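Please read the structure below before turning to the comments.
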Amino acid sequence: MLELTNHTACTAQPLDDYLASRGGPAKIIKAIADSLMPIADRLAAGALYGDPAAIVGVNESGDKQKSLDLGTHVYMVDVLKAAGVRLMLSEESEEVLTLNEDGAYDVAIDPIDGSGSIGVGAILGMLFSIVPASDKGFLQDGHSIVAAGYASFGHSMDFGFAMDEGVTIAVYDRASDMLRVTVENLQLPETTKVIAYNASNARHWGAGMTAYIDEILAGKDGPRGKNYNMRWPAAAVGDLHRILLQGGMFLYPGDRREGYENGRLRLVYEAMPMAYLMQAAGGLATDGHQQILDKVATDGHEHSALIFGAKEEVEAYLRCMEAEK
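In terms of this note's numbering, the sequence shown has 237 at position 208, counting the first letter as 1, and numbering is strictly consecutive.
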């Protein structure tokens, strides 16, 4: 490893030690954390051992499955089964999978988030949430979640999670072959000047989203009185990780296109985990009409709009949405 002029010894606490005294879903969080480096290594190898972006199937929504999508799904089935998980809901499986009939927890997971960018070096990720085993399975509101987390595969491999108030983030230390905790009880700033949205969809937006973005683009001379910057890595995990570390706001609203009326992210294994993390960090997460964690899933793969981040910005967006009514 290149040593910089300000190089110091690494003293950050190993994640295993951090989780050792914690009960409940901590065992599952540890199992997911321990599973990540083989995925990161495969991403780093690119097409050297076969194309990870090769199309190998179609998921239940008609989205093309890439080799890495399916391979990571199969791999995580084994990981979660060994961790004692009862039910697994994955983006890459139409059916809910029973792994252990007597398991105490169920896990909803997006094994690879941002897979449209596989093979080009862009940030990819993983999202998951954990709920206690019950007759409702995954068809309940987000307040049933007892833990949620993500992995971000970029120039570093980062793992963030929450089990109660505050978010914990760990970074993989290759020198010692372990994840080490770098942030505890993370809390978001309530204000921001950085937002993330797909500007190419502007012609499809409703009046509320359009009004909010018009306010943003007006800058310091507009009603918000400040200039903004935009980031859009086309992977929700990339924005989630950046916003947790630096603040900001992410917008993926529903729009007028067929199939996009309710947004395009998956409620149970994408929107809800990110909403849980946001609220644990003091931010907000909404679909434009109600808080994400208040929504009750009626189908494991249903879509949702998702707006999350700094409390002040989310509230400003909601005022525009209210005016639309």
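All residues carry an ideal CB built from backbone N, CA and C; glycine is no exception. Just so you know, these numbers come straight off a predicted model, no measurement behind them.
With distance defined between alpha-carbon atoms, name the residue in the options nearest to residue i.
i       : options                            : result
Thr-127 : Gly-75, Lys-255, Phe-167, Ser-144  : Phe-167
Leu-273 : Thr-197, Arg-253, Arg-203          : Thr-197
Ser-164 : Asp-187, Glu-130, Thr-211          : The sequence shown places Asp at residue 164, rather than the Ser named in the question. Among Asp-187, Glu-130, Thr-211, the Cα nearest to that of Asp-164 is on Glu-130.
Glu-351 : Thr-239, Glu-123, Met-278, Gln-275 : Thr-239
Met-307 : Ala-191, Asn-35, Glu-344, Gly-288  : Ala-191
Ser-229 : Ile-147, Tyr-281, Gly-329, Ala-204 : Tyr-281
Leu-215 : Glu-124, Glu-244, Gln-275          : Gln-275
His-233 : Thr-221, Met-155, Asp-284, Asp-193 : Asp-284
Asp-202 : Met-105, Cys-39, Val-106, Asp-80   : Cys-39
Asp-80  : Leu-99, Asn-227, Ala-263           : Leu-99
Gln-169 : Gly-288, His-318, Val-297, His-36  : Val-297
Gly-189 : Cys-349, Ala-236, Ile-61           : Ile-61
Tyr-305 : Arg-295, Asp-193, Leu-116          : Asp-193
Which term fits residue i, buried or exposed, when burial requires 16 or more other beta carbons within 10 angstroms of its beta carbon?
i       : result
Gln-94  : buried
Ser-50  : exposed
Ala-176 : buried
Gln-42  : exposed
Ile-159 : buried
Met-30  : exposed
Val-149 : exposed
Leu-77  : exposed
Thr-221 : buried
Asp-268 : buried
Can you tell me which residues form a DSSP beta bridge with residue i?
i       : result
Ile-224 : Met-259, Met-278
Ser-181 : Gly-154, Asp-187
Leu-313 : Gly-338
Gln-320 : Thr-315
Report the start-end ranges of each alpha helix (DSSP H) in the region 55-100 that is 4 residues or longer and not cut off at the edges.
The region 55-100 contains these whole alpha helix (DSSP H) runs: 55-63, 65-73.
How do the region 102-115 and the region 318-328 stand: do at least 3 beta-carbon pairs fall below 8 angstroms, yes or no?
In this structure the region 102-115 does not lie against the region 318-328, because fewer than three pairs of beta carbons, one per stretch, are closer than 8 angstroms.
For the region 332-352 and the region 176-191, state whether three or more C-beta atom pairs, one from each stretch, are separated by less than 8 angstroms.
Between the region 332-352 and the region 176-191 there are fewer than three C-beta pairs closer than 8 angstroms, too few to call the two in contact.
List, from N- to C-terminal side, the alpha helix (DSSP H) runs of 4 residues or more that fit wholly inside the region 106-136.
Counting only unbroken stretches of 4 or more residues, no alpha helix (DSSP H) element lies wholly within the region 106-136.
Touching or not, the region 340-349 and the region 309-321, by the rule of three or more beta carbon pairs under 8 angstroms?
Verdict: yes, contact present.
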